[in-house]
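Since the structure comes first, as structure tokens, the remarks are kept for the end.
Number of protein chains: 2
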Amino acid sequence: MSNIEEIAKQFVNGFFTGMSTNIQGLAAVYRPESVLTFESQKFEGAEAILGKLTSLPFKMSGHQLSTLDAQLASGDLLILVTGKLKVDEDENLINFVQNFKVSVTQGAGGEITGFVVKNDIFKLVY
Amino acid sequence: MSNIEEIAKQFVNGFFTGMSTNIQGLAAVYRPESVLTFESQKFEGAEAILGKLTSLPFKMSGHQLSTLDAQLASGDLLILVTGKLKVDEDENLINFVQNFKVSVTQGAGGEITGFVVKNDIFKLVY
Numbered sequence: 026m027s028n029i030e031e032i033a034k035q036f037v038n039g040f041f042t043g044m045s046t047n048i049q050g051l052a053a054v055y056r057p058e059s060v061l062t063f064e065s066q067k068f069e070g071a072e073a074i075l076g077k078l079t080s081l082p083f084k085m086s087g088h089q090l091s092t093l094d095a096q097l098a099s100g101d102l103l104i105l106v107t108g109k110l111k112v113d114e115d116e117n118l119i120n121f122v123q124n125f126k127v128s129v130t131q132g133a134g135g136e137i138t139g140f141v142v143k144n145d146i147f148k149l150v151y
Numbered sequence: 026m027s028n029i030e031e032i033a034k035q036f037v038n039g040f041f042t043g044m045s046t047n048i049q050g051l052a053a054v055y056r057p058e059s060v061l062t063f064e065s066q067k068f069e070g071a072e073a074i075l076g077k078l079t080s081l082p083f084k085m086s087g088h089q090l091s092t093l094d095a096q097l098a099s100g101d102l103l104i105l106v107t108g109k110l111k112v113d114e115d116e117n118l119i120n121f122v123q124n125f126k127v128s129v130t131q132g133a134g135g136e137i138t139g140f141v142v143k144n145d146i147f148k149l150v151y
């Protein structure tokens with residue numbers, strides 16, 4: 026992976042577009058061994074994770090991404106995203122941070138063919 | 026590792042005690058392959074990382090830890106910590122988030138014998 030920040034950005038853009046427009050479509054990036062910790066509650070496997078993401082107590086559609094940092098970690102990408110999101114009808118945006126460990130699948134020519142989220146930790150910061 | 030939250034807490038307590046009282050002592054948890062991203066600047070290897078940690082533009086001694094979440098990730102611990110810290114002489118505390126991927130070394134009886142930080146991402150959140 027030559028430019029890990031660019032690849033991380035590609036994943037993050039796809040992920041948050043999914044959160045805004047098609048949460049069910051995110052099922053493609055989770056596996057039975059994926060783990061999500063959402064506000065300190067743990068969900069294991071694609072089904073449990075999607076169950077949580079489709080029943081969030083607030084709209085992710087109002088999110089704004091602020092920063093992205095990425096590192097290589099055991100051959101995967103470790104990504105830390107910070108941003109702000111709209112909670113319910115509240116006009117104030119609340120800071121959040123989300124941390125992913127993502128496996129990048131690549132084709133024979135090195136092109137990105139997909140992403141699998143192995144670890145996902147989401148926290149509101151206030 | 027039976028209770029990953031407890032083990033993560035043990036690492037985090039040791040790490041932030043080190044940040045407050047003995048930053049040079051933290052050299053023991055970094056290796057040549059360790060990577061720190063500090064406010065989007067990347068430092069590789071124990072020497073570069075310690076160089077950064079010993080020249081921070083603010084005191085970490087005023088930090089307060091708020092939350093800790095941990096998951097298993099490729100046999101290591103993935104830890105996300107949130108907290109607040111004192112920046113310079115400013116009375117207001119600023120939120121920060123720090124993400125670690127930590128290798129836990131254990132003795133024959135399963136007891137923890139040490140920690141190695143492979144990945145470390147620090148971000149102020151404001």
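Sequence lines, in order, name chains H and B. Just so we're aligned: the first sequence equals residues 26 to 151 in my numbering. Just so we're aligned: the second sequence equals residues 26 to 151 in my numbering. Note that CB positions come from ideal geometry on N, CA and C, so glycine has one too. Quick caveat, the model's predicted, so the values are computed rather than measured.
Report the residues of the region 120–131 of chain B with a CB closer than 8 Å to any CB of chain H, ordered along the chain.
-> Asn120, Val122, Asn124 and Lys126
Please list the partners that B/Ala71 has in chain H, where partner means a Cβ-to-Cβ separation under 9 Å.
-> By Cβ distance, chain H contributes nothing, its closest Cβ being about 16 Å from B/Ala71, past 9 Å.
From H/Phe41, H/Ile32 and H/Val60, residue whose alpha carbon lies closest to that of H/Val142 | H/Val60
Please decide whether H/Leu105 counts as near chain B, where near means a Cβ-Cβ distance under 9 Å.
-> yes
For the region 75–99 of chain H, which residues have a CB atom closer than 7 Å to at least one CB atom of chain B, in sequence order?
-> Thr92, Asp94, Gln96, Ala98 and Ser99
Taking Cβ to Cβ, would you say H/Asp101 is nearer than 9 Å to H/Ser128?
-> yes
Buried or exposed: which applies to H/Gly134, given that a residue is buried once 16 or more other Cβ atoms fall within 10 Å of its Cβ?
-> exposed
Applying the criterion that 16 or more other CB atoms from any shown protein chain within 10 Å of the CB defines a buried residue, is B/Asp145 buried or exposed?
-> buried
Give me the Cα-Cα distance between H/Leu118 and H/Glu64, rounded to the nearest whole angstrom.
-> 17 Å
Taking C-beta to C-beta, are H/Asn120 and B/Tyr151 nearer than 9 Å?
-> yes
Who pairs with H/Lys34 in a beta bridge, going by DSSP?
-> According to DSSP, H/Lys34 bridges with nothing at all.
Exposure of B/Thr42, with buried meaning 16 or more beta-carbon neighbours within 10 Å | exposed
Give me the Cβ distance between B/Ile104 and B/Ala33, rounded to the nearest whole Å; I'm assuming they're in contact under 8 Å.
-> 5 Å
Helix, strand or coil: which one does DSSP assign to B/Thr42?
-> helix
Quick one, which residues of the region 54–68 of chain H are near chain B if we go by CB-CB under 7 Å, in chain order?
-> Val60, Thr62 and Ser65
Which first and last residues belong to the beta strand (DSSP E) in which B/Gly108 is found?
-> Asp101 to Lys111
Do you know whose CA, among H/Asn28, H/Phe83 and H/Val106, lies nearest H/Ser45's CA?
-> H/Phe83
CB contact below 9 Å: H/Asn38 versus chain B | no
When you compare each of B/Glu31, B/Gly87, B/Gln66 and B/Glu136 to B/Gly108 by their alpha carbons, which one comes out closest?
-> B/Gly87
C-alpha distance - B/Glu69 paired with H/Gln49, whole-angstrom precision | 38 Å
With a cut-off of 9 Å, does the C-beta of B/Asp115 fall near any C-beta of chain H?
-> no
Taking the continuous alpha helix (DSSP H) assigned at B/Ala71, which residues delimit it?
-> Ala71 to Leu78
Starting from the C-beta of B/Lys148, find all residues in its chain whose C-beta is less than 7 Å away, skip the five residues before and the five after it, and write them out in chain order.
-> Glu64, Phe121 and Val122
Where the beta strand (DSSP E) through B/Asp123 begins and ends = A small fix is needed here, since residue 123 of chain B is Gln in this sequence, not Asp. That run of the beta strand (DSSP E) goes Leu118 to Gln131.
C-beta atoms of H/Gln89 and H/Lys77 nearer than 9 Å = no
Selection from B/Ala73, B/Glu58 and B/Ile137 that minimises the alpha carbon distance to H/Gln96 = B/Glu58
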